[in-house]
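Peer 1: Numbering (the numbering used here), first residue to last: 1 to 374.
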């Protein structure tokens, strides 16, 4: 049975070219990058070459790229250090954030007693920019932590507007860019963002590796102590093959961005069209545009039909995720949808579809066919 994968916001397949590059490193470049003999120096050179490749994609300095195990680690480190080391007394964020940010912020409030302010969310899933500006006028050392692209509904933040507001009011800006890195260009020589994060497995790279961009004016202290790896900011022997694989995946993602993003956007549009043909009452959660690879669908189905939907689709070889009222293994509503859907819509089943360059119109047709059978 052919598998149809429509959950690319959760993770992505690894490109064959990335696997090839990683296997080559695993076979030949096994030296410890901290060692001074030649195979160690060569491993170190591979890491620094990868760092430069990654920095180049954002017009950043390679010294501002720090490797981590994933986006979650990077988010935790930045938020903790901003409070502990940079004197942040208030964090402005939203209830739409990924739990890597949301739960970390709540933890920091408990441990350090900082103020946390959650912005209001408009019915179209966008933040209240006026409220943000008014809050920033207050004289408190503040960090704004807002995600670039929402992982459930695809709502995109106006990066330029938020970054400029933060500069005007002398606030730090941390942006969780896990869903957008490799899928949209982010020019850090133009956008005055203090911190961004990434996870390689979101852009067809390996799992277990990510990075943080730390603008050089912000001096963070490590959250993991030990050796002097990553300029003393992140201890632990580097996974050379993972770092090289991530750099290769990111380079390919941006080299192919225009071609692949246009293709993916067309797949998303085709899916919307087919859903509207079959379900005239279908709604799409989020704002009117949304990011080009994420589609959150509010289905006009009864709860009874929806209850086994994911299981039935999985049995037929289709991988999708629920983004609404009854998430897998939980009766709690989606914390994202609960912020802007009315009570009636929140009770209805939602499906998150997220696409990649590997998906086809034929796969969408198969999805629609199976949904009709449920």
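Think of the CB as a built atom: it goes at the ideal place given N, C-alpha and C, for glycine as much as any other residue.
What does a CB cutoff of less than 7 Å around residue 212 pick up in its chain, not counting 5 residues either side in sequence?
Peer 2: Only 66, 68, 74, 77, 78, 195 and 197 meet the Cβ criterion.
Peer 1: What are the partner residues of residue 296, as DSSP defines its beta bridges?
Peer 2: Paired residue(s): 352.
Peer 1: Identify the continuous alpha helix (DSSP H) that holds residue 51 and give its terminal residues.
Peer 2: Start and end: 38-57.
Peer 1: Quick one: is residue 262 buried, meaning 16 or more other Cβ sit within 10 Å of its Cβ, or exposed?
Peer 2: Residue 262 should be labelled exposed.
Peer 1: Check whether the segment 167-181 touches the segment 137-150, taking contact to mean three or more Cβ pairs, one atom from each stretch, closer than 8 Å.
Peer 2: With a cut-off of 8 Å, the segment 137-150 and the segment 167-181 count as touching, because enough Cβ pairs lie within range.
Peer 1: Straight-line CA distance for residue 63 to residue 223?
Peer 2: When rounded, the distance between both Cα atoms is 18 Å.
Peer 1: Using the C-alpha atoms, what's the distance from residue 172 back to residue 22?
Peer 2: Computed Cα separation, rounded: 36 Å.
Peer 1: How many angstroms separate the CA atom of residue 227 from the CA atom of residue 265?
Peer 2: Cα-Cα distance, rounded: 45 Å.
Peer 1: Please say whether residue 370 and residue 313 have beta carbons closer to each other than 8 Å?
Peer 2: For residue 313 and residue 370, yes; Cβs fall inside 8 Å.
Peer 1: Do residue 53 and residue 251 have their CB atoms nearer than 8 Å?
Peer 2: Yes, they are a contact pair.
Peer 1: Using only alpha-carbon positions, find the residue among 256, 192 and 40 that is nearest to residue 203.
Peer 2: Closest option to residue 203, Cα to Cα, is 256.
Peer 1: Using DSSP's beta-bridge definition, name the partner residues of residue 210.
Peer 2: Residue 210 pairs with 68 and 199.
Peer 1: Please state the DSSP three-state secondary structure of residue 324.
Peer 2: Because residue 324 carries a pLDDT of 36, less than 50, the predicted location of this residue cannot be relied on, and the following value inherits that uncertainty. Coil.
Peer 1: Would you kindly report the start and end of the unbroken beta strand (DSSP E) that includes residue 143?
Peer 2: Unbroken beta strand (DSSP E) run through residue 143: 142-147.
Peer 1: Can you grab the Cα-Cα spacing for the pair residue 115 / residue 237, in whole Å?
Peer 2: If you take the alpha carbons of residue 115 and residue 237, they lie about 36 Å apart.
Peer 1: Could you pull out every unbroken alpha helix (DSSP H) segment of at least 4 residues lying fully inside the segment 5-33, listed in chain order?
Peer 2: As far as the segment 5-33 is concerned, its whole alpha helix (DSSP H) runs of at least 4 residues are 16-28.
Peer 1: Once you ignore the five residues that flank residue 131 on each side, which residues in its own chain have a CB closer than 8 Å to its CB?
Peer 2: 119 and 120, listed in sequence order.
Peer 1: Could you give the distance in angstroms between the alpha-carbon of residue 96 and the alpha-carbon of residue 339?
Peer 2: Their Cα atoms are separated by approximately 7 Å.
Peer 1: Under 8 Å: do the segment 285-292 and the segment 240-251 share three or more Cβ pairs, one atom per stretch?
Peer 2: Contact fails: fewer than three Cβ-Cβ distances are below 8 Å.
Peer 1: According to the neighbour-count rule (16 or more other Cβ atoms, all chains shown, within 10 Å of its Cβ), is residue 280 buried or exposed?
Peer 2: So residue 280 ends up on the exposed side.
Peer 1: CA-CA distance, residue 315 and residue 271?
Peer 2: Spanning the two alpha carbons is a distance of roughly 21 Å.
Peer 1: Return the CA-CA distance between residue 199 and residue 180, expressed in angstroms with no decimal places.
Peer 2: One C-alpha to the other measures close to 10 Å.
Peer 1: For a test of the three-state rule: what should DSSP assign to residue 389, helix, strand or coil?
Peer 2: The chain is shown only over 1 to 374; residue 389 falls outside these bounds and no answer can be derived.
Peer 1: From 289, 292, 291 and 322, pick the residue whose C-alpha is nearest to that of residue 299; which is it?
Peer 2: Minimum Cα distance to residue 299 is reached at 322.
Peer 1: Per DSSP, which one or two residues make a beta bridge with residue 80?
Peer 2: Beta-bridge pairing links residue 80 to no other residue.
Peer 1: Residue 90 lies in the beta strand (DSSP E); which residues open and close that run?
Peer 2: 90-93 is the extent of the beta strand (DSSP E) around residue 90.
Peer 1: Please report whether the beta-carbon of residue 65 lies at a distance below 8 Å from any beta-carbon of chain C.
Peer 2: The displayed structure is made up of one protein chain only, and chain C is not part of it.
Peer 1: For residue 126, which residues of its own chain have a beta-carbon under 8 Å away from its beta-carbon, when the five flanking residues on both sides are left out?
Peer 2: Hits under 8 Å: 155 and 287.
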